[in-house]
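Trainee: Sequential numbering of the sequence shown, starting at 1, is according to full-length UniProt numbering.
We treat Cβ as the ideally placed atom computed from N, Cα and C, and that holds for glycine.
None of these values were measured; they are calculated from a predicted model.
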Amino acid sequence: MAMGQTPDRSFESLTELKGSYDFSSDDDVTVMIQLDEPSVVEAKHKGKSQSKGKIESARDKVIADISAKLPDSQVDREYDYLFSGLALTLTEKEVLQLTEVDGVQAIYPSISYEANEFEPELISDEAFSPAMMDSAPFIGANEVWEDLGITGQGVTVAVIDTGVDYTHPDLAHAFGDYKGYDFVDNNDDPQEGPGQYHGTHVAGTIAANGRIQGVAPDASLLGYRVLGPNGGTTADVVAGIELAVQDGADVMNLSLGASINDADWATSIALDWAMAEGVVAVTSNGNSGPNNWTVGSPGTSREAISVGATQLPYNEYDATLFTSEGTEYPSTEVMGFSNDEDLLALNEGVYEFFNAGFGTVADFEGTDAEGNIALISRGAIPFVEMAENAAANGAVGVIVYNNADGPIPFVIPGMDVPTLKLTAADGQKMLEELENGNNEVSFEIDFAREVGETVADFSSRGPVYGTWMIKPDVSAPGVDIVSTFPDDSYASLQGTSMSAPHVAGAAALLLENNPDWNTDQVKAALMNTAESISDADGNVYPFNTQGAGSIRLVEALTTETLVTPGSYSFGVFEKENGRQVERQHFEIMNLSNERKRYEIDVDIYDGSDSIRVSTNNNLNVKAGKSQKVNMNVEVNASGLEAGYYEGMITLTHGNDEIEVPTILFVMDPDYPHLSYGGITSVSDEGIFDFYLNLNRDVDYVETYIFTAGLAPVAFVEEFGNLPQGEHDLTADASDFYDLLPPGEYAFVTFIGKGDVEEGYVVGYFEK
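1. Do the CB positions of residue 813 and Tyr351 come within less than 8 Å of each other?
2. Write down the C-beta distance between Gln627 and Val621 rounded to the nearest angstrom, noting that I regard them as a contact closer than 8 Å.
3. Give me the Cα-Cα distance between Gln724 and Ala345, rounded to the nearest whole angstrom.
4. With burial defined as no fewer than 16 other Cβ atoms inside 10 Å of the residue's Cβ, what is the status of Asn693: buried or exposed?
5. What does DSSP give as the partner residues of Asp102 in its beta bridges?
6. Determine the burial state of Glu92: buried for a count of at least 16 other Cβ atoms within 10 Å of its Cβ, exposed for fewer.
7. By how many angstroms is the C-alpha of Ile111 removed from the C-alpha of Asp236?
8. Please state whether DSSP places Met527 in a helix, a strand or coil.
9. Relative to the C-alpha of Tyr181, which candidate in Ile150, Gly763, Glu641, Ile241 has its C-alpha closest?
10. From Thr707 to Glu766, what does the alpha carbon distance come to, in whole angstroms?
11. Could you tell me which residues DSSP puts in a beta bridge with residue 839?
12. In angstroms with no decimal places, state the Cα-to-Cα distance between Ala127 and Thr233.
13. Which same chain residues, not among the five before or five after Ser220, have their C-beta less than 6 Å away from its C-beta?
14. Per DSSP, what kind of secondary structure is Leu70 in: helix, strand or coil?
15. Beta carbon of Asp218, beta carbon of Gly152: below 8 Å?
16. For the alpha helix (DSSP H) that Ile206 lies in, which residues bound it at each end?
17. Name the DSSP bridge partner or partners of Arg449?
18. So Leu88 and Ile66 are in contact, right, with Cβ under 8 Å, and what is the actual spacing, rounded?
19. Rounded to the nearest angstrom, what separates Gly547 and Ile150 at their Cα positions?
20. Given that a residue counts as buried once 16 or more other Cβ atoms are within 10 Å of its Cβ, and exposed if not, what is Tyr605?
21. Check whether the segment 328–346 touches the segment 520–536, taking contact to mean three or more Cβ pairs, one atom from each stretch, closer than 8 Å.
22. Mind the definition here: the segment 184–198 touches the segment 279–289 only if three or more C-beta pairs lie below 8 Å; say whether that holds.
23. I'd like to know whether the C-beta atoms of Gly686 and Val666 end up nearer to each other than 8 Å.
24. Starting from Ser112, follow the beta strand (DSSP E) in both directions and report where the run begins and ends.
25. Per DSSP, what are the beta-bridge partners of Asp182 in this structure?
26. Per the DSSP calculation, Glu94 is bridged to which residue(s)?
27. Taking the straight line between their C-alpha atoms, what separation do you get for Leu740 and Ala68?
28. Ordered along the chain, which non-local residues of its own chain (more than five positions away) have a Cβ less than 7 Å from that of Asp520?
29. What does the Cβ neighbour count give for residue 770, buried or exposed, with the cut at 16 atoms within 10 Å?
30. With which residues is Tyr676 paired in a DSSP beta bridge?
31. Measure the beta-carbon distance from Ile412 to Val400 and round it to whole angstroms, keeping in mind my assumption that it falls under 8 Å.
32. Note down, in chain order, each residue of its chain lying with its Cβ closer than 7 Å to the Cβ of Ala476, except the 5 sequence neighbours on either side.
33. Where does Tyr351 fall in DSSP's three states?
34. Are at least three pairs of beta-carbons, each pair with one atom in the segment 256–263 and one in the segment 72–85, less than 8 Å apart?
35. Just mark Ala64 as buried or exposed, buried being the case when its beta carbon has 16 or more other beta carbons within 10 Å.
36. Whole angstroms is fine: what's the gap from Gln146's alpha carbon to Glu121's?
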């Protein structure tokens, strides 16, 4: 094929292929195949007739065609209720052939899912106190039980997780004879596997009723084990979602996730249809914060309620650090701690400190950590893991220093041991003191101020690629959450895994009180009444950090107005397109027994008149009725800086006020040019077939060959003006390919849009 030309076949004309594959590999891979034939629930909600038998016939034909092409492939699971398709294992180099099979709509990788939490801290029996379980009372659960008499009675919550220890004395009441299913070992016993605990902790936050009380202590539970000791797969997670809906669950909780920021993966699709079928789906947003665009599937689902993590109000401390020579380190700040007592205990002695490298497990090998302080460089692993490794080796504290100029900007609550932070310069000074034999350190730590509820730094942020939706939808407590643990125990955990079950329990309370509500109404009640959160300095968090805010149960249960959707994205406006208009609408539901008059205000925070919103200023809604409100959003993108702009739809009736977060994007917000890509094949002559999925229209794609160590070797070819979407491309390096010595190389692209150029390794190859 000549340089600059693309092959006749393009991804636009083929089955949609998601994910990244090595099409030269003989390694096995499992994919999720979505059929053209709609699922039972999809067809129902699109007004089409459908049956499992009809889906089975279509699926059998697809399987037969695949078997004829790929006789060694193996069908692992079949789906028909929410997701129409199958899970198939084959070699990576065979995946592309699936795009040629009639009846296949899309192919997704069966990716790995993990529980979104950090290491547990067991609570000894003598140290146990019900006061440790502060999070449910903080969001108003106690008031709901005592004043409103609502406890989750009659509502069933599915825990799709690592299984559940249904024999735990605080949980046994919630399970009947049928307890769920184990998709890891393929049996009808969803008990936690050996060494697992996550699902039991999650279940306790939802519905424990003993020494600890969950948010909905009288709710019923079902357990679905989809995560084994090494995590789980899309294939098993989707199977768990489908069965939970068919088993009659009213709410499902998925405190699990993957790094894929995309709303159109198999798990997210299954959750969307679960919500359509009337099951409130709650997911954790992920633990990859604090940067934007870090939310992962299934938190990317359009419809499910995705939950970020907050820390309950805490005390903030000033810190000073001295070494044995009397040297003071003025950049010292407290990064995180699990309780005030352990932090203040550092004031009581002089400690030896030691160099623990980057804080990895290997870095602690051979160190004298017991009772001492670990000095660690930032740069290799998350801060939380540094503290976990230090605690596991007996250290009583950590000092972490930056690997770049300036202070470390993060505060990370709930660290396993008290952790302080320094600048890179001060860290180097401490290393020099160690080399000179000065290995003692002391601390002065003093109370500074009380901080309100804040978003945990680890909590993943939105928005979602492609849909541009605000995620999380809401936030809930997720730091130092004490709940049930296998073998009749209790433990403290943190992560968005701990936040999601607070919301699942809240959904159970709402459904007991409003059994005729649909999933949109449950979601709206939680979002409309959430409380806005500010950081320690009083700055309100962006919506992509906190969602609509932290849930408040009494307000959600007593609201007389619902606004749907609970947040709004107006999408992307390109600067070069100048003035553009987007027409949208929202719905107001008056739940009260009297007519209400609402004042409506829409404000986008751009500081200019480049964004204008026109809508009704006042609206009367009859008792028990709903009314649609139209909006025109006019954006003069050429007059705005590239980025995203937040705003608020505010409805006021008397003293009652409901706020609905909004967001829109202008041209190039801070998301990458490329979603994914890969090499399809490399010929002996140096012809590269490769594919790219672009997140936006781009001006050019330049291709290069680099060494495996990413040193540049040669330019290959440039492609100009490629639109957003998937592209199947060919680059010709035959002019010089024979001159390359044998070895491993990288195929690299540089992708440009305006003045922003980004480089990506598309794949590695051997010559």
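Mentor: Reading it off the structure:
1. Because residue 813 is not part of the residues shown, which for the chain are 1 to 767, the question remains open.
2. About 5 Å; that satisfies the 8 Å criterion.
3. 56 Å
4. buried
5. According to DSSP, Asp102 bridges with nothing at all.
6. Around the beta-carbon of Glu92, 16 or more other beta-carbon atoms lie within 10 Å, marking it buried.
7. Asp236 and Ile111: Cα-Cα distance of roughly 10 Å.
8. helix
9. The candidate whose alpha carbon is nearest that of Tyr181 is Ile241.
10. 11 Å
11. In this structure the chain extends from 1 to 767, so residue 839 is not present and cannot be described.
12. Confidence is the limiting factor: at Ala127 the pLDDT is only 48, short of 50, which leaves the residue's position unreliable, though a coordinate-based value still follows. Each residue's Cα considered, the two are about 37 Å apart.
13. Thr156, Ala174
14. coil
15. yes
16. 198–207
17. Glu316
18. 7 Å
19. 26 Å
20. exposed
21. no
22. no
23. no
24. 112–115
25. Asn187, Arg225
26. In DSSP, Glu94 forms no bridge with anything.
27. 39 Å
28. Thr564
29. Residue 770 lies beyond the range of the chain shown here (1 to 767); nothing can be said about it.
30. Asn693.
31. Ile412 to Val400, Cβ: 10 Å. No contact.
32. Ile139, Val307, Thr310, Ser499, His502, Val503, Ser550, Ile551
33. If DSSP states are grouped into helix, strand and coil, Tyr351 belongs with the strands.
34. no
35. exposed
36. Sequence check: residue 146 is Glu here, not Gln. As the crow flies, the alpha-carbon of Glu146 is around 30 Å from that of Glu121.
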